[in-house]
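Student: Input: one structure, supplied below.
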Amino acid sequence: ARQLASGSISGTKLMLNSIGSGHLQNGAVGSLQIKNAAIGSAHIQDACITRAHIAEALIDTLNVNALTAVTAKIKELAAGSITTDDLYASVAMIAAAQLTTANIVSADIHWADIEALTASIAQVSKAQITAAAIDEANIDWAAITTLTAATAEIVKAQMQTADIDWSHIRDLATDTAIITQGTAGKLYIARLAVTEANMASLTVGELVVKGTDGHFYALSVDEGGQVVTTLKQIANDDVADQSIDGGEKIIEGTITAGTLNVQDIFANNAVIRSLIAANLDVDTLFAREATVAALNAMDITSNTYLKLMVSGKADKEELDALNERVSAAELKLTEDAIVSTVTGSDQYREDLAAITATGSGPEFVVGTQTSYTAAWTGNVSFSELHDGQQITYWLPVGSGSNVTLDLTLADGSTTGAIPCYFGGSTRLGTQYTSGNVVRLTYRENVVIYSTSIPKGWWADANYNTDTYDRIRIGTTLKAKSAISAGRLAVGDEEGCFQVTNSVPFDVTRPILYCASAVSAGAYGAGFYLTYPFCYLRNADPDFSGTVGTTCYLVGILAGTTFTPVENYLTSTVPTEEDGLTYMALGTLTGEYQTTLFPEHPLYRFVDGAFKPLSQVAYEASVAIDETRREMATRFEQTDAAIALKADQTEVNSLSTRVQSAEQKITPQAITATVAASALYAFEKYEGRNYCLESDGPFLFTDNRYCDEDGSATYLVQKTLPVSDDLFSHSNSGSAIRISLDIQRQNVDASEATTPGIYSGFWVYYQYMDAGVLKTSGLGWYLRTTDASFVASDEDWVRLRYGPLNLTSYNPVAIAYFALGTASANGTTGTVRFRNVKLEVLSNWTDWSAAPEDIYGMARRMTDAESRITQNANNIALKVSTSLYNTEKVYRSNTAPTTLYTNMLWLDTSLSPPILKRYTGSAWIAVGAQELKTSGITIGGNNVAITTENFLLQLLDPANNENVLMEMSANGNVGFRELYAGYIIATGTVPNGSRVAGNNGQLFDANVTVDYGTAIPVVVPDSTTVQYATLTKSYRGGWRSDTVDVVQGVYSDYGYSSGLSWNYGCMWFGNLRSVLSGMSLKSATLTLYRKTGSGSSSAKTLYLCAITNTTASGVPSIAANYGAIGTIGRAQQATFAIPLAAVQGLANGTYGGLCLYESPYNFGSSNWSNCYMRMAGTDNTYKPYLQVVYNSGGTAVG
């Protein structure tokens, strides 16, 4: 029995039974300190413990003469007698307890004979129980002088002193254990690991200790009582049979053995230079070098990376081939290659087919009800409803109140009658008539103020009896060219124009519906982004479509330029590739009319299916993910091949390239990096920005917002979204601080609508007004009188405003933030904003992005998707190399040197340049030898005109109005001047003398003189536009309150004979200088009727001519031309007027024109039947005359 020295086995594990009986002598451990958990599981056969402090003990059987415990939790206690100060027991089985009924909250019982006791909690200070049979007791604390139990299961026991005859302890964790005597004078411990032992008395047969030299020595006492040491070393003689007996122990040292056969080896660390094993089962293995013939592993993991070393070099050919494979893989990661991979994948085609089958966007549902009802029904292709789902619903018949919608799903089941809501908690009813399209959104568990709605359908936008479901542009727009009423229009920098065949426009501009006609150069207010009934036969008289289908605008897309084709309106989708792009306008609500939607996605027939181009981004992301996984697998395989063959330097180089390529196609890595660096939090904290997409910059030029490319729009405001929780975090809008950067250049607001205002910014909030949700804004105007104003800034300037308090306006939500104001119209110069920040705490802080933006991730992802879409478009529009070479034109003043048949060359050495084609042997001019068109044949040696009526004119290059020669179909030829060596005249000639002179000769040959009129010289017509220079209205005197042109009369008290009726007068001061002495051909008058004047319907205009040349005296009517047409509110209209009226203005007979309604009795009405106000000279819609005239001409005979 050898003693283990302190620290000789640090943390080692001794197997069960490795220390048998006899290894520790009786009393060998007098006072032992065993640290907590030092004995994981101890099997002590027989222990006599004088005193033990046991934190936790699980004892199968506990026999004690006396047990004193501060607290003892005993699951089961069998005791003949229990004496305890406090006893807490869930269940107590008492042999003799005579209690009829006891419900005891608190009881102090000195002695009780209880027949039956039922108690949730029993607190007993002192109980003398002769015999108690307790099946189960849960005792929080018990002070027991003497406990005799056959079996006691104690979860936790705090014992000051325990006299235990025999104890079987499975696990013992104790700070101090004092064992004075074991069984039969011995303490048996199956497994004992001791970090430190302080023994009061130790008796051992042999004591071996480690010396300072590292060797072990046996300590013994000789006959004289002297302590002697003997070096202990195992020699070959000690192990003659080359094995160690199982009963012996090797403590420490070095073992060199030919064969080591052991059942178990326990060691914290083992340094093994070479290990050959048929089977190796270890938790953790560290090896500098391992030669494995065959490795079968379910998984190999590494903390950082797995590095394989090889001693050999790669073959040059294999390394080159591998290099080519990696280069090829990198090429597949380019933008074009990814798009090509995506569009060529099977998954892409499957998704495309699914899209073709189901369509895109909200599903179009046709109502199946056939009569007037509030119970709407329909059939859908999806199998279940989910929160946020949208449908477009066609209402076939009129509706009743409190609408419900019951949809039949794809599997034949129904959703049940789900309530439909008009807005908020207001039920949908009769707001929509038959033949309407309603967009519905399904929501679940909605709380609106204090109303909870489990599920329902909500209409997209509230129905309004004034404007239906239309969205009108909030400002007037200029017409670049004349636009007819009821036509689709689009705009550019110069103004709006009609959508028509072969007229290109930018697809980034919105498609508008023009409700009323607008003349060229004029401004109109009737432009709409959304309109419920656009009559398409205004644009195409032959158009017809299927109700419920999508109406498309068809054209050719090149970049962002869209050019409509000849038949540019259709509801029929293509079934094969036609190279055209289809722009969705809206849903047909009739054979000839459509609902115009505000957004217009683009579609094309590509790869066998008709699909939206926006789908490419989603398909690309799916395909890229698949490609990434495929490439990752290939890279792993390539890495393994490199590691097995290549030099480590080559491996590292290629590994870096592979890792770089992988990182470029890992969106998760990008998102993780951004999210880790951003203020990725949505709580209320100092410095949080509640304004989204706030970085900018946002440019305004002459108070018009400009797009990112710098092109000006018609907008005077730029709106920015805000965080959903801005309203709640700002305490219902009570404290909002605003800060932003501004930079001004050459700002002049002297001519602004409100002089001095050059811009502004606003927080728009929502509030309830008589049950209607409305939106308004509150903020600040930026004025030239501000202390911080300068006309031009050298750098960005930070402005701070607030706090803004909205609570007095009773807001219910904050809608958005806006930059700019219409009050600054007329301001010149540029104003830039950037780094807008909305805060809710007590201080302004430096700009930071809103946490929802993730530092622009949303915008960058949108831009990336847009670029993918554009790349897909460009790929689809690309031509083949051979076609490009065929159509390409080489431009130079010298012929190209590299030639191929049919090559085109524009020879710029000639004037004008001539287009030539290479025949394979020579260059020839491109063009026909003979040109025929419209009855004119131009041959190599002659020009023939075969039309019945023609007029051929030769015009002066310096002045095209000067006709030098003309020829008509009847053979008449006129010259302004004719030079000839000699002239031979035959046939009939005009009357006049014929002389010879200036070395010229004139020969008469049977000439007949025609004394008729000479052929007049044709002078082309001219057009002039004359704007009114003065407008005034006379109502018993010239009015000073307005310069409007007023017709009729307004009266709060109805008609009376004493009313003064208006004369709406107009003077055109520049007209006489242009038209005096001219021959007038036609004339029109263009007027704009203001809103809020008279009847809401179109009314008749009455025109007169007056002799007054200015606003002086009573208007004197010289001519009354009567009605010239009708005009509606907010409409600009053009009327044909008698030429005599304009001729009188030109020759001075009349001084001006006048609108005048003859007086009559209009009863109790507030205005006369045709009372109207036309815009005057203070408005951009000032009156103007357009006159076609001719200066006349004299014939030359």
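Residue numbering for the sequence shown follows my numbering, starting at 8 and increasing by one per position. Here a beta-carbon is modelled for each residue, glycine too, at the ideal position from N, C-alpha and C.
Candidates Thr421, Ala820, Pro1122: which alpha carbon is nearest Ser388's?
Tutor: Walking along the sequence shown from the start, residue 388 turns up at place 381. Ser388 has its Cα closest to that of Thr421, out of Thr421, Ala820, Pro1122.
Student: Is the beta carbon of Val497 closer than 9 Å to that of Ile480?
Tutor: Here the question's residue 480 lines up with position 473 in the sequence shown. Here the question's residue 497 lines up with position 490 in the sequence shown. Result no, Cβ atoms of Ile480 and Val497 do not sit closer than 9 Å.
Student: For Asp860, which of Lys844, Ser735, Cys1177 has the nearest alpha-carbon?
Tutor: One-based indexing of the sequence shown puts residue 860 at position 853. The candidate whose alpha carbon is nearest that of Asp860 is Lys844.
Student: How far does the beta strand (DSSP E) with Val770 in it extend, from its first residue to its last?
Tutor: Position 763 of the sequence shown, counting from 1, holds the residue named residue 770. 764-776 is the span of the beta strand (DSSP E), which, as asked, contains Val770.
Student: Any chance the segment 1081-1094 sits against the segment 1153-1166, with 3 or more Cβ pairs inside 8 Å?
Tutor: At 8 Å Cβ cutoff, the stretches touch.
Student: Suppose you measure from the CA of Phe1142 to the CA of Val1194; what does that come to, to the nearest Å?
Tutor: Along the sequence shown, one-based indexing puts residue 1142 at 1135. Along the sequence shown, one-based indexing puts residue 1194 at 1187. About 12 Å.
Student: Name the residue from Tyr1041, Asn1115, Trp851 whose alpha carbon lies nearest to the alpha carbon of Arg1180.
Tutor: In the sequence shown, counting from the first residue as 1, residue 1180 sits at position 1173. Here the closest residue by C-alpha is Tyr1041.
Student: With DSSP as the reference, label Asp914 as helix, strand or coil.
Tutor: By 1-based counting over the sequence shown, the position of residue 914 is 907. Reduced to three states, the DSSP call for Asp914 is strand.
Student: Using the beta-carbon count (16 or more within 10 Å), is Pro1122 buried or exposed?
Tutor: Within the sequence shown, residue 1122 is the residue found at index 1115, counting from 1. Label assigned to Pro1122: buried.
Student: Please list the terminal residues of the continuous alpha helix (DSSP H) segment that includes Asn1154.
Tutor: In the sequence shown, residue 1154 corresponds to position 1147, counting from 1. Unbroken alpha helix (DSSP H) run through Asn1154: 1146-1154.
Student: With a CB to CB cut of under 6 Å and the five nearest residues on each side skipped, what residues in its chain are close to Val580?
Tutor: Position 573 of the sequence shown, counted from the start, is the residue given in the question as residue 580. Once the five neighbours on either side are set aside, the close Cβ partners of Val580 are Phe617.
Student: Taking only three categories from DSSP, how would you classify Pro426?
Tutor: Taking the first residue of the sequence shown as 1, we reach residue 426 at position 419. Correct three-state label for Pro426: strand.
Student: Does the Cβ-Cβ distance between Leu813 and Ile743 come in under 9 Å?
Tutor: For the purposes of this step, residue 813 is taken as residue 806 along the sequence shown, with counting starting at 1. For the purposes of this step, residue 743 is taken as residue 736 along the sequence shown, with counting starting at 1. It is a contact, given that the beta carbons lie within the stated cut-off.
Student: Taking the Cβ atom as the reference point for each residue, do Trp851 and Gly809 lie within a distance shorter than 9 Å?
Tutor: Residue numbering aside, residue 851 sits at position 844 when the sequence shown is read from its first letter. Residue numbering aside, residue 809 sits at position 802 when the sequence shown is read from its first letter. Against a cut-off of 9 Å, the Cβ pair of Gly809 and Trp851 comes out as a contact.
Student: Under the rule that 16 or more other beta-carbon atoms within 10 Å means buried, what is Gln600, buried or exposed?
Tutor: Counting from one through the sequence shown, the residue named residue 600 turns up at place 593. Buried: at least 16 other Cβ atoms inside 10 Å.
Student: For Ala382 versus Phe429, is the C-beta spacing smaller than 9 Å?
Tutor: The sequence position of residue 382 within the sequence shown is 375, counting from 1. The sequence position of residue 429 within the sequence shown is 422, counting from 1. The answer is no: Cβ separation not under 9 Å.
Student: If the criterion is Cβ atoms closer than 9 Å, does the pair Asn5 and Glu1164 meet it?
Tutor: Since the first residue of the chain shown is 8 and the last is 1204, residue 5 is not available in this structure.
Student: Along the chain, where does the alpha helix (DSSP H) that runs through Arg807 open and close?
Tutor: Residue 807 sits at position 800 when you count from the first residue of the sequence shown. First-last for Arg807: 804-811, but that is the beta strand (DSSP E), not the alpha helix (DSSP H).
Student: Do Leu1108 and Gln1054 have their C-beta atoms closer together than 9 Å?
Tutor: On the sequence shown, residue 1108 is found 1101 positions in, with the first residue counted as 1. On the sequence shown, residue 1054 is found 1047 positions in, with the first residue counted as 1. Yes, Cβ-Cβ distance for Leu1108 and Gln1054 is below 9 Å.
Student: So, for Gly431: in the same chain, excluding its five sequence neighbours on each side, which residues have a beta-carbon less than 6 Å away from its beta-carbon?
Tutor: Taking the first residue of the sequence shown as position 1, residue 431 is located at position 424. Result list for Gly431: Ile455, in chain order.
Student: Please report the Cβ distance between Thr482 and Val804, rounded to the nearest whole angstrom; I am assuming they are in contact, meaning their Cβ atoms lie under 8 Å.
Tutor: As a position in the sequence shown, residue 482 is number 475, starting the count at 1. As a position in the sequence shown, residue 804 is number 797, starting the count at 1. Not confirmed; about 29 Å, so no contact.
Student: Count the other CB atoms, across all protein chains shown, that sit within 10 Å of the CB of Lys487; report buried if there are 16 or more and exposed otherwise.
Tutor: One-based indexing of the sequence shown puts residue 487 at position 480. With 16 or more other Cβ atoms within 10 Å, it is buried.
Student: What residue range is occupied by the uninterrupted beta strand (DSSP E) comprising Leu1162?
Tutor: For the purposes of this step, residue 1162 is taken as residue 1155 along the sequence shown, with counting starting at 1. Per DSSP, Leu1162 belongs to the beta strand (DSSP E) from 1159-1162.
Student: Can you tell me whether DSSP reads Gln397 as helix, strand or coil?
Tutor: Taking the first residue of the sequence shown as position 1, residue 397 is located at position 390. The answer is strand: DSSP assigns Gln397 an E or B state.
Student: Please return the same chain residues whose Cβ sits closer than 6 Å to the Cβ of Ser1089, not counting the five positions on each side in sequence.
Tutor: For the purposes of this step, residue 1089 is taken as residue 1082 along the sequence shown, with counting starting at 1. Contacts found: Val1195.
Student: Tell me the rounded alpha-carbon separation between Thr1184 and Glu973.
Tutor: For the purposes of this step, residue 1184 is identified with residue 1177 of the sequence shown, where counting begins at 1. For the purposes of this step, residue 973 is identified with residue 966 of the sequence shown, where counting begins at 1. So the two alpha carbons sit approximately 45 Å from each other.
Student: Helix, strand or coil, according to DSSP, for Ile518 in the structure here?
Tutor: Position 511 of the sequence shown, counted from the start, is the residue given in the question as residue 518. Residue state, collapsed to three classes: coil.
Student: Measuring alpha carbon to alpha carbon, tell me which of Ala829, His393, Gly385, Arg751 ends up nearest Thr791.
Tutor: Start at 1 with the first residue of the sequence shown, and residue 791 comes out as number 784. Closest option to Thr791, Cα to Cα, is Arg751.
Student: Between the Cα of Gln773 and those of Leu402, Arg332, Gly927, Phe734, spot the shortest distance and give me the residue it belongs to.
Tutor: Your numbering for residue 773 matches position 766 in the sequence shown. The shortest C-alpha separation from Gln773 is found at Phe734.
Student: Give the C-beta separation of Asn710 and Asn832 to the nearest angstrom, bearing in mind that I take them to be a contact with Cβ-Cβ under 8 Å.
Tutor: Counting from 1 along the sequence shown, the entry for residue 710 is found at position 703. Counting from 1 along the sequence shown, the entry for residue 832 is found at position 825. Contact holds; Cβ gap of about 6 Å.
Student: Verify whether the separation of the beta carbon atoms of Gly2 and Leu587 is less than 9 Å.
Tutor: Because residue 2 is not part of the residues shown, which for the chain are 8 to 1204, the question remains open.
Student: Let's see if you can read the secondary structure: which residues bound the alpha helix (DSSP H) around Phe734?
Tutor: Within the sequence shown, numbered from 1, the residue matching residue 734 stands at position 727. Its alpha helix (DSSP H) spans residues 733-736.
Student: With DSSP collapsed to three states, give me the class of Glu846.
Tutor: On the sequence shown, residue 846 is found 839 positions in, with the first residue counted as 1. If DSSP states are grouped into helix, strand and coil, Glu846 belongs with the strands.
Student: My parser needs the beta strand (DSSP E) runs of 3 or more residues fully inside the segment 524-596; what are they?
Tutor: You should have 534-542, 557-565, 568-577, 588-595.
Student: Tell me whether Ser1063 sits in a helix, a strand or coil according to DSSP, three-state version.
Tutor: In the sequence shown, the residue the question calls residue 1063 occupies position 1056. Coil.
Student: Helix, strand or coil: how does DSSP classify Ser975 here?
Tutor: Position 968 of the sequence shown, counted from the first residue, corresponds to residue 975. Ser975 falls in the strand class under three-state DSSP.
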